[in-house]
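As you go down the protein sequences, you meet chains A and L in turn.
In terms of the numbering used here, the first sequence has 152 at position 152, counting the first letter as 1, and numbering is strictly consecutive.
In terms of the numbering used here, the second sequence has 80 at position 80, counting the first letter as 1, and numbering is strictly consecutive.
Each residue gets a CB set at the ideal place from its N, CA and C atoms; glycine is no exception.
A quick note: this is a predicted structure, and the numbers were derived from the prediction, not measured.
Number of protein chains: 2
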Amino acid sequence: MSMKKAPEELRFAAMAVDAVIFGIVDKKLHVLVQNVVRPPHYVNMPGFPGGLIDKTETAEDAVERHLDEKVHLPVKDVYVEQLYTFSEINRDKRNRVISVGYIGCVKPDVIQAYDYDDATWIPVKKLGKLAYDHDDMYAKATARLRGKLSYTTVAQFLLPNNFTLTELQEVYEIVLGTDLDKRNFRKKILALDVVKETGRMQEGVKNRPAALYTFKSKTIKELPPVV
Amino acid sequence: MSMKKAPEELRFAAMAVDAVIFGIVDKKLHVLVQNVVRPPHYVNMPGFPGGLIDKTETAEDAVERHLDEKVHLPVKDVYVEQLYTFSEINRDKRNRVISVGYIGCVKPDVIQAYDYDDATWIPVKKLGKLAYDHDDMYAKATARLRGKLSYTTVAQFLLPNNFTLTELQEVYEIVLGTDLDKRNFRKKILALDVVKETGRMQEGVKNRPAALYTFKSKTIKELPPVV
DNA sequence: GCAAAAGTGTTAGGTATACACCCATGC
DNA sequence: GCATGGGTGTATACCTAACACTTTTGC
Chain A
1 MSMKKAPEEL
11 RFAAMAVDAV
21 IFGIVDKKLH
31 VLVQNVVRPP
41 HYVNMPGFPG
51 GLIDKTETAE
61 DAVERHLDEK
71 VHLPVKDVYV
81 EQLYTFSEIN
91 RDKRNRVISV
101 GYIGCVKPDV
111 IQAYDYDDAT
121 WIPVKKLGKL
131 AYDHDDMYAK
141 ATARLRGKLS
151 YTTVAQFLLP
161 NNFTLTELQE
171 VYEIVLGTDL
181 DKRNFRKKIL
191 ALDVVKETGR
201 MQEGVKNRPA
211 ALYTFKSKTI
221 KELPPVV
Chain L
1 MSMKKAPEEL
11 RFAAMAVDAV
21 IFGIVDKKLH
31 VLVQNVVRPP
41 HYVNMPGFPG
51 GLIDKTETAE
61 DAVERHLDEK
71 VHLPVKDVYV
81 EQLYTFSEIN
91 RDKRNRVISV
101 GYIGCVKPDV
111 IQAYDYDDAT
121 WIPVKKLGKL
131 AYDHDDMYAK
141 ATARLRGKLS
151 YTTVAQFLLP
161 NNFTLTELQE
171 VYEIVLGTDL
181 DKRNFRKKIL
191 ALDVVKETGR
201 MQEGVKNRPA
211 ALYTFKSKTI
221 KELPPVV
C-alpha cells in the first residue's frame, strides 16, 4: 500500500523531534546538548539533539534514528518516552517546524564510555540559554522526570544494572533535590518489591562493600509514590 | 516577520489535532464523537472531533478552532490540555497525517444545553470501534483523566460552578469506577482546602437541601492524591 | 586504629479506613 | 409519617517520620 501526500497547501510545516536525554555523572544530573547551527538565529547555541521526521518514519522511529545519527546514542542504550509537542509558530525562526519532544534516560556506563565530540553532557545546573524553545522543553522535561521518578521505576534507566541501595537513593536525591533518610528509604523501596539482591557485593571499594541489587523487571512499572 | 515554508520534500505530512472531550450526564461519563466521513476507509464511523492545523495556528489554536467550528463547543466552555501525539504512518489510511491529541472536560450545563446535530455525547460504556487510531487515543485519554482527577483539581471542569459535596464525590466515583465512603471523602476534600462553601443551598429538591460549594480557584491545581 | 560507608529498629504522630445513625425537606 | 438524600464522629490499623549506633572493609 502506498501512502499519498496530503495536498500541498496543507503541508506547510516540517515535523521534527527533539530529545532531552538525562543521565547522572559524578552525582550530578546531566543532559546531552549539541550546538545548533542554523543561521542567522541560532549559531552555536546549545540545543537538544533532534531532527526532522522522515516520510517513512513515526516520531518514535525518528527520535531513535536522530539519537543514533546525530549524537551516536544507539536505541538500546536509551530509554525514551514522548513528552510534549511544541507548535508555536515562530519556535524555529526560519521555517515553520512543529516538534515532538521526548525525554530519555541513559545509564552511567553509557556516559562514561561516551566518546563523540559533537555533543556534550552538561550538568543541568550549568544550562544557560538554549536554542529554539528548548528552555521551555527543558522545564517540561525535568518536571516529567521528577514525576516519573516518584511514581514509576524509571530510576532503573539512570543506574547500572547492578547498584547499591545507596546509589538508588542518590538518584532520588539528585533528581528531586532533597535529602532522604537512609533507613526509611530502604524500608520503602524494599516494601515496594521492585528490586532484588543479586547476591553479589561491591568490589574494590575502600570501605565496607555494599550488597548489589537489581530491578526485578527490565521495563518501567507504575508504583505508589516512592517519595 | 514572515515564516517560510520548509522545503517541499520535508513537508510530506499534514498536521492535525483531535480532542477527546469528557463530560458527565445522568451520572455517567460521556465523550463527544462525530461521524467521520473519509471514504473509502472511514465512512460513518464515530471518531473524535478534530481537523487540520492551519499555517497561522499553533496546535492549541487549532484544537480550539475545530471544537468551535466542527462541534460548536466554544473555547470558554471547555478545559483542554495536550495528551499525546500520534504519528503511526498508516493511522489515516488515505494520507500521512500526524495528529496531536488533546483531552478536554466540559461542565454538565454545557452538555444539557448542547444542541448540535452533527456530534453526539455518548456514554463511554457504549463506545464501539472508532475511526483512525482513536481507540488508542481514547485509552490514553481515560488513563490521563483518571490520573488528573486524583492529583489535581480537574474535577471542577466536570461540575457546575456550584455543586454539592455528593456531586463532587460522584465525579470521582464515576470516573474512577469505585465507590467512596462519604464521611472519609468529605474529610479528605475539605482538608485539601480547595473548595469553599458558597453559603447557598440546593433549591427545589424533594429532600433535605445540600450546601453548595465552589472551587476556591478557577484554575487547575496540583494536589496530594484525593483518592 | 582510623576513616569511610554499610547496615539496621523503635517510637510517636498522623493519616486512612471502617462503620451507623439522626436530620431536614417534600409530598 | 414516610421516603430521600444530607450531614456528622470515633476507634483502629497502618504508614510516615524522626532518630544513632554498630559493622565491615582498606589503608
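query	result
Classification of serine 2/A by the beta-carbon crowding that lies within 10 angstroms, buried from 16 upward	Note that serine 2/A scores 47 on pLDDT, short of 50, meaning its location in the model is unreliable; the coordinates nonetheless yield the value given after this. Flag for serine 2/A reads exposed.
Beta carbon of glutamate 153/A nearer than 8 Å to that of lysine 221/A	Note that residue 153/A is threonine in the sequence shown, not glutamate. Taking 8 Å as the Cβ cut-off, threonine 153/A and lysine 221/A qualify as a contacting pair.
Under 7 Å (Cβ pairs) to chain A, residues found in the segment 96 to 119 of chain L	Arg96, Val97, Ile98 and Val100
Extent of the continuous beta strand (DSSP E) run through threonine 214/L	211 to 215
Any non-hydrogen atom of the ligand COA closer than 7 Å to glycine 147/L Cβ	Ligands in the displayed structure: none, and consequently the ligand COA is not present.
Segment contact, 8 Å Cβ cut-off, at least three pairs: the segment 93 to 103 of chain A with the segment 17 to 37 of chain A	yes
8 Å Cβ cutoff, alanine 13/A in contact with chain L	yes
Presumed contact (8 Å Cβ cut-off) between valine 63/L and glutamine 34/L, rounded CB distance	Between glutamine 34/L and valine 63/L the Cβ distance is about 14 Å, and since that is not below 8 Å, they are no contact.
Any chain L beta carbon closer than 8 Å to tyrosine 232/A	A question about residue 232/A goes unanswered here, because the residues of chain A that appear run from 1 up to 227.
Neighbourhood of asparagine 95/L by C-beta, 7 Å cutoff - its chain only, sequence neighbours within 5 removed	Ala14
Continuous alpha helix (DSSP H) assignments of at least 4 residues falling wholly in the segment 171 to 207 of chain A	182 to 192
CA-to-CA distance, threonine 85/L to leucine 192/L, given in whole angstroms	33 Å
Local conformation of aspartate 18/A per DSSP, three classes	strand
At least three beta-carbon pairs within less than 8 Å, the segment 47 to 62 of chain A to the segment 172 to 183 of chain A	no
Spatially closest choice to proline 123/A from Ile24/A, Arg183/A and Leu223/A, by CA coordinates	Ile24/A
CB-CB length for proline 46/L against alanine 131/L, believed under 8 Å	7 Å
Serine 99/L - containing beta strand (DSSP E), residue span	97 to 106
Chain-order list of residues whose beta-carbon lies under 6 Å from that of lysine 148/L (same chain, five-residue window excluded)	Val154
Neighbourhood of phenylalanine 163/A by C-beta distance below 8 Å, restricted to the same chain and skipping five residues each side	Leu212, Tyr213 and Thr214
Beta carbon proximity, serine 87/L to chain A, threshold 8 Å	yes
Sequence-distant residues of the same chain with beta carbon closer than 7 Å to histidine 66/A, five excluded per side	Val17, Pro49, Gly50 and Gly51
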